[in-house]
Amino acid sequence: MSPEDDPQIDAPAQAEGRGFARWLVRGAFLLAAGAALWPGWDRPALAALVPAASPLVAFSALAATWTLEAVGWLGLAVAAIALVRRRWFCRWVCPTGLCADAAGRLGRRAGLRCPRLPVLGQWIALVTLAGACLGYPLLAWLDPLAMFAGLFAPFGPRLGPVVWWSAVGVPAVLAISLWMPGAWCGRVCPLGGMQDLLAGVTGAVRRRLAGVKDRAPAEPDGWHALQGRGSDLPVTTPFASLRACHSPGWRMARRAVLGAAIGGVWAAMVRAARAAAPRPLRPPGARPEPEFTGLCIRCGNCIRVCPTAILAPDPGGHGLAGLLAPVLRFESDYCREDCTRCTAACPSGALVRLTADSKRLGAIGLPKVDMGVCLLGDDRECFVCRNSCPYEAIRLVFSEVEYTLTPQVDAGKCPGCGACEVACPTTPVKAIVVAPQ
Amino acid sequence: MNRRDWLRALGLAGAAAGLAPLGRQGAAGQEVDQASGFESHTVAGRTTQANRASPALVGGKVVQPQRELPVLNKTDVLVVGGGSAGVIAAIAARRAGAQVTLVERYGHFGGLWTGGLVLLVIGHILKDGKQVCQGIGEEMMRRLDKLDGAIIDRRPGVNPTVDAEAVKYVMVEMIQEAGVKVLLHCWGVDAVVNGHTVAGAVFESKSGRQAILAKTVVDATGDGDLLAAAGAEFEHRTHNVGLVSRIGNLDRVDPQQAGQAPKPRHLGSPTPVPGVNWVNLHGPEVDGLDVETLTRMEMSHRKFIWQNVQKTRRTPGYEKVYLVETAPQLGVRITRVLIGTNRVTVAGVKAGTRVADAIGVGGAAGGSHGEWQIPYGALLPVKVDNLLAAGRCISSDLRMADLVRLIPNCFVTGHAAGAAAAVAVRDGCRPRDVEVAKVQKVLRDQEAYLG
Chain A
4 MSPEDDPQID APAQAEGRGF ARWLVRGAFL LAAGAALWPG WDRPALAALV
54 PAASPLVAFS ALAATWTLEA VGWLGLAVAA IALVRRRWFC RWVCPTGLCA
104 DAAGRLGRRA GLRCPRLPVL GQWIALVTLA GACLGYPLLA WLDPLAMFAG
154 LFAPFGPRLG PVVWWSAVGV PAVLAISLWM PGAWCGRVCP LGGMQDLLAG
204 VTGAVRRRLA GVKDRAPAEP DGWHALQGRG SDLPVTTPFA SLRACHSPGW
254 RMARRAVLGA AIGGVWAAMV RAARAAAPRP LRPPGARPEP EFTGLCIRCG
304 NCIRVCPTAI LAPDPGGHGL AGLLAPVLRF ESDYCREDCT RCTAACPSGA
354 LVRLTADSKR LGAIGLPKVD MGVCLLGDDR ECFVCRNSCP YEAIRLVFSE
404 VEYTLTPQVD AGKCPGCGAC EVACPTTPVK AIVVAPQ
Chain B
19 MNRRDWLRAL GLAGAAAGLA PLGRQGAAGQ EVDQASGFES HTVAGRTTQA
69 NRASPALVGG KVVQPQRELP VLNKTDVLVV GGGSAGVIAA IAARRAGAQV
119 TLVERYGHFG GLWTGGLVLL VIGHILKDGK QVCQGIGEEM MRRLDKLDGA
169 IIDRRPGVNP TVDAEAVKYV MVEMIQEAGV KVLLHCWGVD AVVNGHTVAG
219 AVFESKSGRQ AILAKTVVDA TGDGDLLAAA GAEFEHRTHN VGLVSRIGNL
269 DRVDPQQAGQ APKPRHLGSP TPVPGVNWVN LHGPEVDGLD VETLTRMEMS
319 HRKFIWQNVQ KTRRTPGYEK VYLVETAPQL GVRITRVLIG TNRVTVAGVK
369 AGTRVADAIG VGGAAGGSHG EWQIPYGALL PVKVDNLLAA GRCISSDLRM
419 ADLVRLIPNC FVTGHAAGAA AAVAVRDGCR PRDVEVAKVQ KVLRDQEAYL
469 G
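Those protein sequences? They're chains A and B, same order as listed.
In terms of the working numbering, the first sequence opens at residue 4 and continues consecutively.
In terms of the working numbering, the second sequence opens at residue 19 and continues consecutively.
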């Protein structure tokens, strides 16, 4: 009998008291996370803390870039504790888990039960980490903390149908949990799976140190650990038939190899496909394109903290790999000279932390002028792009041949802030448009 | 015969020539050439120029001897420059009760608006379509509205285009109605100064070098000629110097043939005259104060304009297009810019800074942003007294100068300078000591918009 079929599993009598304490603690964390993500705050770095607490995000960023932003150490700390306290994060902290639990209770009350499922979460985590090693963490955006952050996207300055898409993660988790109580946290969640993998490593090491034979009792999987019980219960793995003849260590190794293979091939395919697709404008500090779409966990933090609302989730116009990743549009405003909020709010390292000075060095893009549209080509008295440039990067050069002025952009000075594009008076097409480099 | 009598005689002769129909007996005592119908008479026979003070070559250097200048008149407010800023400054000061003399270098009013053929009235409308240029400038526009063929595109949120001749006519009408004393063909060349205090200005004209004494002087020369002469601090800038032209018969372009070849460049924009476009020209960025440069620009642009129209005429369908005229005035955009006690800056405009001493509100080119207030201090030199700047030379930073120099914004600063000069005269104080609230009241009474 699998644990999911056990009607008593969510309410063991001895866990009642501790359960209440957990609800309280997790409730407090949920409120804290919500407050950190609330758009009214002028603290983008606080917003970064929430998704950054995920070890999956931290490991992916580390593997993909071989660097770690300061905020990434939070995820590593969570991972370190998970090595010894299995699934402690799910039980005591995870705000998405709290919501999923609440939904699961309702589902169970309605008589719904979870069917047998493979440990998808571990596979997702493995595939993602393997992809990350190749510079493309494939499914990091399934991270529950990223989804929780995405929930706040509609409260930001930018609205629209695509913003609502960014917020569907948590409602989807709730729906899964309602329909199949316990399935998300126990089987699907990559953060849970990641913790199981970490605990698996500890278990293997511990057994080896203790000299236990390979045929030792199986390691309990995430679901049991989540419920704080059942090291004596049988394990559910994707390869149940093989379970009998292989130790947990073997299973771990096999999963790792298979996951790495799948993740590697997949990441390579996505990277190849990305290279052909047109690259949109990304926020300042964005890593080079294939890496960026892979590192970005779609938490929506950058979109929400952007004071000029020029970031929006990509509705999919630039290939599937970039779906819901932030794209930059200079429709109504430009990227302010002194603002680096999006980079401060990024938990995954997809956006490199910038200062106002370092932002000037890396360009978002470079403006291109269409003299067929530009008013100067028509001898009109327009000096708007030159005069609106905060960096004095545009010169209007007189051509003796054409006998007119042409805007010329100094690529060394221009950070691609889009002030010229916003100010350009031509409609409906702007004569000067910042193009990705 | 002294100079005044000579002038009077010249004026009489001119009036007689203008009024007397051909062949009719002229005024009593004048000789009439019956054969041709023209008349002419001698003002002074066999004479030499009185009061000569020609420079002499002294040791290889040209030295101007010291001399006394005749004082043409004394006035309350002297406005130097009859462009869009100067004309409105003169009307504003006169309507506010001051005696006003306006001197203009060319034979017409309007400066670059008319003589420069910059016919597009751009810079008075904001992003949301609101018009910020009101007051006497708007009154002028309303008079143009009433004339046939004087102005087109007068709709909310749109930049209208005027006819230069209509503007010249309306300006004469308004100046005369206001009762401003006018001297045309008079080039203001120097300031009369007492230390740091301006007491008038000096002019060159066919009547020679003369002075006008005034309690307050408004520099509406565009180039800040008087500011520089009086010793005020300024920035000397370069900008694009072009030459506007008008081309005609665009209504006779054959649309069927015209579609076959690429459309010619430099066709310009419509004017109130049917089939006639005005063609802007940017020109290179040069020093508009350097006479050699101005000469080079004039000749180079003239050649280009003629050759370009010929090129246009070789384009199928455009054979009948012709060059109506090139502008009498070179399109000098920015030269000297005053360093005032305050300054219009991009940073201030971006931040939406409100100023207590606002004497006007500027608009945008192409309606690209919101309104910006112009502080009184932008018209005031730091050290020099009794002198106010108006028009494109008021104190502004490099970028705002491109908005300050636009015609409606010159209306606004001209209006403010005229009102301030009149208040200074009325209160018997220096322009820097006037109560700005009083200037603001005069401006509001004259229907200006101050934000």
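Beta carbons: idealized from backbone N, C-alpha and C, even for Gly.
This one's a predicted model, so the numbers in the text were calculated from it and none came from an experiment.
Judged by their CB atoms, T93(B) and T119(B) are nearer to each other than the 9 Å cut-off. Using a Cβ-Cβ cut-off of 7 Å, R383(A) is close to N298 of chain B, given in chain order. Beyond the five residues adjoining it in sequence on each side, L341(B) comes within less than 7 Å, by CB distance, of S263, I265, I323, W324 and V327 in the same chain, given in chain order. Between S102(B) and G432(B) a beta carbon distance of about 7 Å is seen, short of the 8 Å cut, so the two are scored as contacting. Residue contact check for I169(B) against chain A: no CB pair falls below 9 Å. For S402(A), the beta-bridge partners assigned by DSSP are T407(A). The C-beta distance from V443(B) to V95(B) rounds to 6 Å, short enough to fall under 8 Å. Around the beta carbon of F127(B), 16 or more other beta carbons lie within 10 angstroms, which makes this residue buried. Following the DSSP letters along the chain, one finds F221(B) inside the beta strand (DSSP E) bounded by residues T215 to S223. Ranked by Cα distance from F32(A), the first of G196(A), T99(A) and T346(A) is T99(A).
Using a Cβ-Cβ cut-off of 8 Å, D420(B) is close to F386 and N390 of chain A, given in chain order. Interface annotation, T311(A): not in contact with chain B, CB-CB separation never under 9 Å. Within the model, the alpha-carbon separation for G469(B) versus L148(A) is close to 50 Å. Taking one beta carbon from each stretch, the segment 173 to 189 of chain A and the segment 32 to 42 of chain A have fewer than 3 pairs nearer than 8 Å; the two do not touch. Annotation note: the segment 222 to 307 of chain B contains the following uninterrupted beta strand (DSSP E) runs of length 3 or greater, listed N- to C-terminal: 226 to 237, 252 to 254, 257 to 260, 263 to 266 and 295 to 297. A435(B) sits away from V460(B), with the two beta carbons spaced by 9 Å or more. Of all residues in the segment 273 to 289 of chain B, only H284 and G286 come within less than 7 Å of chain A when Cβ atoms are compared, listed by chain position. Sequence-distant Cβ neighbours of D241(B) in its own chain, meaning closer than 6 Å and more than five residues away, are T353 and R354. Secondary structure of K145(B) (DSSP, three-state): coil.
V425(A) has its alpha-carbon roughly 14 Å from the corresponding atom of L314(A). L399(A) places its beta carbon 9 Å or farther from that of G352(A). The count of Cβ pairs closer than 8 Å, one atom from the segment 210 to 223 of chain B and one from the segment 414 to 429 of chain B, stays below three, leaving the stretches out of contact. As DSSP reads the structure, D375(B) sits in no beta bridge.
At least one C-beta of chain B is nearer than 9 Å to the C-beta of G380(A). Leaving aside the five residues that flank V379(B) on each side, the residues in its chain whose CB is nearer than 6 Å to its CB run, in chain order, V150, E389, Q391, Y467 and G469. Around W182(A), the same chain offers G110 and L115 as residues with beta carbons nearer than 8 Å, after the five sequence neighbours per side are excluded.
Partner residues in the beta bridge of I392(B), as assigned by DSSP, are G378(B). The alpha-carbon of R331(B) is positioned some 7 Å away from that of K338(B). Take the alpha-carbon of A80(A) and the one of K145(B): they are about 52 Å apart. The Cβ atoms of C423(A) and C385(A) do not sit closer than 9 Å to each other. Nearest in C-alpha terms to G381(B), of all of D375(B), V454(B) and V367(B), is V367(B). For P147(A), the uninterrupted alpha helix (DSSP H) run begins and ends at P147 to G153, by DSSP. Closer than 9 Å to the CB of V364(B) there is at least one CB belonging to chain A.
Taking a Cβ-Cβ threshold of 7 Å, none of the residues of chain B is close to Y394(A); the smallest such distance is about 13 Å.
Considering only C420(A), Y406(A) and E405(A), the residue with the shortest C-alpha distance to V412(A) is C420(A). Within a 10 Å sphere around the beta-carbon of V330(A) sit 16 or more other beta-carbons, which makes this residue buried.
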